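Below is one structure, written out as structure tokens; the observations come after it.
In our numbering, the protein residues as written are 28 to 119.
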């Protein structure tokens with residue numbers, strides 16, 4: 028994924044704009060201090076997604092279930108939202 032790199036002085040000068048852009052476009056910003064990577068700014072949705080991915084990858088049972096789910100999808104063994112709504116209607 029592409030990440031814009033900018034010095035801390037520029038990040039400070041445009042902080043509100045960077046936050047808006049990170050939140051709305053999912054762009055990530057790498058902030059440097061004296062030319063050295065110091066921080067990363069990303070939107071909360073991207074942050075939450077990264078945390079969730081780490082949680083899945085850290086839990087071996089959950090990871091196995093995730094892999095099984097991906098295999099089931101690849102084999103066409105799933106119910107889409109339209110069919111689920113139809114099945115739920117019949118259950119009433």
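Built from N, CA and C at the ideal position, the CB exists for glycine as well.
Every value quoted in this text rests on a predicted model; they were computed, and no experiment measured them.
(request) Since I believe residue 64 is in contact with residue 57 (beta carbons under 8 angstroms), could you give me their beta-carbon distance rounded to a whole number of angstroms? (result) Counted from its first residue, the chain shown places residue 57 at position 30. Counted from its first residue, the chain shown places residue 64 at position 37. Between residue 64 and residue 57 the Cβ distance is about 6 angstroms, and since that is below 8 angstroms, they are a contact.
(message) Contact defined as beta carbons within less than 8 angstroms: I believe residue 71 pairs with residue 50. What is the distance between those atoms, to the nearest angstrom?
(response) On the chain shown, position 44 is the one that residue 71 refers to. On the chain shown, position 23 is the one that residue 50 refers to. Going by Cβ atoms, the distance from residue 71 to residue 50 rounds to 7 angstroms, so yes, they are a contact pair.
(request) Identify whether residue 71 lies in helix, strand or coil by the three-state DSSP scheme. (result) Locating residue 71 in the chain shown gives position 44, where the first residue counts as 1. The answer is helix: DSSP assigns residue 71 an H, G or I state.
(request) Following the continuous beta strand (DSSP E) through residue 48, name the residue where it begins and the one where it ends. (result) As a first step, residue 48 must be located in the chain shown, where it is residue number 21. No beta strand (DSSP E) holds residue 48; the alpha helix (DSSP H) holding it covers 42-52.
(request) On the DSSP bridge assignment, give the partners of residue 64 in chain order. (result) For the purposes of this step, residue 64 is identified with residue 37 of the chain shown, where counting begins at 1. In the DSSP output, where bridge partners are listed per residue, residue 64 has 59.
(message) Excluding the 5 residues flanking residue 104 on each side, which residues of the same chain have their C-beta closer than 6 angstroms to its C-beta?
(response) As a position in the chain shown, residue 104 is number 77, starting the count at 1. No residues qualify anywhere along the chain.
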